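Trainee: Can you keep this structure in mind? I'll have questions shortly.
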Amino acid sequence: MTAFDRERQEYWRRYVKEGRAVAPAEGPGRQRATVLEALGAGWTRLPELPDEAYVLESDETLLICPWNLRVRVAEAALTARDGVPGVLADAFVPPLFAGLARSVIEDWRNGSRVLERGLPRVHEQVATWGVPLRWFVFVDLSERELTLRPERRVLRYRTEISKARRRAHRAHSVLRRSLGDAPITAAVEETARWLEEFHPRSVVELDYGGLVNLLSDDSLNADDSPGLVAAGLAAVGRGEADSATSAYERLVERWRAVQLLERCN
Numbered sequence: 001m002t003a004f005d006r007e008r009q010e011y012w013r014r015y016v017k018e019g020r021a022v023a024p025a026e027g028p029g030r031q032r033a034t035v036l037e038a039l040g041a042g043w044t045r046l047p048e049l050p051d052e053a054y055v056l057e058s059d060e061t062l063l064i065c066p067w068n069l070r071v072r073v074a075e076a077a078l079t080a081r082d083g084v085p086g087v088l089a090d091a092f093v094p095p096l097f098a099g100l101a102r103s104v105i106e107d108w109r110n111g112s113r114v115l116e117r118g119l120p121r122v123h124e125q126v127a128t129w130g131v132p133l134r135w136f137v138f139v140d141l142s143e144r145e146l147t148l149r150p151e152r153r154v155l156r157y158r159t160e161i162s163k164a165r166r167r168a169h170r171a172h173s174v175l176r177r178s179l180g181d182a183p184i185t186a187a188v189e190e191t192a193r194w195l196e197e198f199h200p201r202s203v204v205e206l207d208y209g210g211l212v213n214l215l216s217d218d219s220l221n222a223d224d225s226p227g228l229v230a231a232g233l234a235a236v237g238r239g240e241a242d243s244a245t246s247a248y249e250r251l252v253e254r255w256r257a258v259q260l261l262e263r264c265n
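Sequence positions in the sequence shown follow UniProt numbering and run 1 to 265.
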């Protein structure tokens, strides 16, 4: 809470007191419904979206994870056009909407708000149909929380941000030394820089979200992805190419099977 300016602190305290915080299991669905309703059928406007957040009370500390929906929608719209032929890009994201999205991003990063509150940050990163392998760098297998009750099915990892930062920098150092400027090195570095934007008493959470409903109990119990990433990095650091390749191939095979479920319907 103390990472926010006074105005935002007051807003989030009222938000929590009024019981408006959204549970993580309900959040993604609420986000989709809110965004689609606000955009309208023609995608001709990018309106203001409500300030919502996930809330976690940890050791008598109130932790707030704002959704930043308007900015995330704008970024997603522009990302969807990257590397796509113009005709297709315009069909998916109309030029008018893309222009509005650019204005939102520019205002967010360069407007008067930055002078008043400092450089803004996006608190939540989202992936669909899988977990990016680089995210497992920041957590440890011992930090896993697994619940398989029918009414509450969860797999997530939580760790202190200081630990996540150390792991990120260590992984980046190993990858940079062993692989040079490879795509995975750049990806880990980018996410490590993102972690540096937050308050030192923050918590990093890696949540499988709706993926837990696609995987069996046995699969979730046996999931050791952070351990495989750690083993692969250690092997890379020792120069043991075969061991590193084995860990990587097991990870890719596991998550490719999940990603292919997107095409099952």
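Beta carbons are placed, not taken as given, at the ideal position from N, Cα and C, and that holds for glycine.
The structure displayed is predicted, hence computed values, not measured ones.
Does the Cβ-Cβ distance between Thr185 and His172 come in under 8 angstroms?
Mentor: yes
Trainee: Suppose you measure from the CA of Arg20 to the CA of Arg144; what does that come to, to the nearest Å?
Mentor: 27 angstroms
Trainee: I need the DSSP call for Glu240, collapsed to helix, strand or coil.
Mentor: coil
Trainee: For Trp135, collect the residues of the same chain with a Cβ closer than 6 angstroms to its Cβ; drop the 5 residues on either side in sequence, then sort them by chain order.
Mentor: Leu206
Trainee: Can you check which of these residues, Thr191, Leu69, Leu214 and Asp90, is closest to Ala154 by C-alpha distance?
Mentor: Contrary to the premise, residue 154 reads as Val rather than Ala in this sequence. Taking only the C-alpha atoms, the option nearest Val154 is Leu214.
Trainee: Would you say Gln31 and Leu69 are within 8 angstroms of each other, going by their C-beta atoms?
Mentor: yes
Trainee: Would you report the Cα separation of residue 267 and Val204, rounded to the nearest angstrom?
Mentor: There is simply no residue 267 to check, as the chain begins at 1 and stops at 265 in what is shown.
Trainee: I believe Ile64 touches Val55 by the beta-carbon criterion, under 8 angstroms. Please report the beta-carbon distance rounded to the nearest angstrom.
Mentor: 6 angstroms
Trainee: In chain order, what are the residue ranges of uninterrupted alpha helix (DSSP H) at least 4 long that sit wholly in the stretch 11-59?
Mentor: 27-39
Trainee: Would you say Thr34 and Pro47 are within 8 angstroms of each other, going by their C-beta atoms?
Mentor: no
Trainee: Any heavy atom of the ligand SAH within a distance shorter than 7 angstroms of the CB on Pro50?
Mentor: The ligand SAH is not part of the structure shown, which contains no ligands of any sort.
Trainee: On the DSSP letters alone, give me the boundaries of the alpha helix (DSSP H) that Arg109 sits inside.
Mentor: Pro95 to Asn110
Trainee: If you draw a straight line from the alpha carbon of Ala182 to that of Val122, how long is it in whole angstroms?
Mentor: 25 angstroms
Trainee: With 16 other CB atoms within 10 Å as the buried threshold, where does Glu52 fall?
Mentor: Buried: at least 16 other Cβ atoms inside 10 Å.
Trainee: Kindly list the residues whose CB is nearer than 6 angstroms to the CB of Ala38, restricted to its own chain and excluding five residues on each side of it in sequence; keep chain order.
Mentor: Answer for Ala38: Pro47 and Leu49, listed in chain order.
Trainee: Excluding the 5 residues flanking Tyr11 on each side, which residues of the same chain have their C-beta closer than 8 angstroms to its C-beta?
Mentor: Asp51
Trainee: Is the beta carbon of Arg165 closer than 8 angstroms to that of Glu196?
Mentor: yes
Trainee: Fully enclosed by the stretch 131-198, which beta strand (DSSP E) runs are 3 residues long or longer?
Mentor: 144-149 and 152-160
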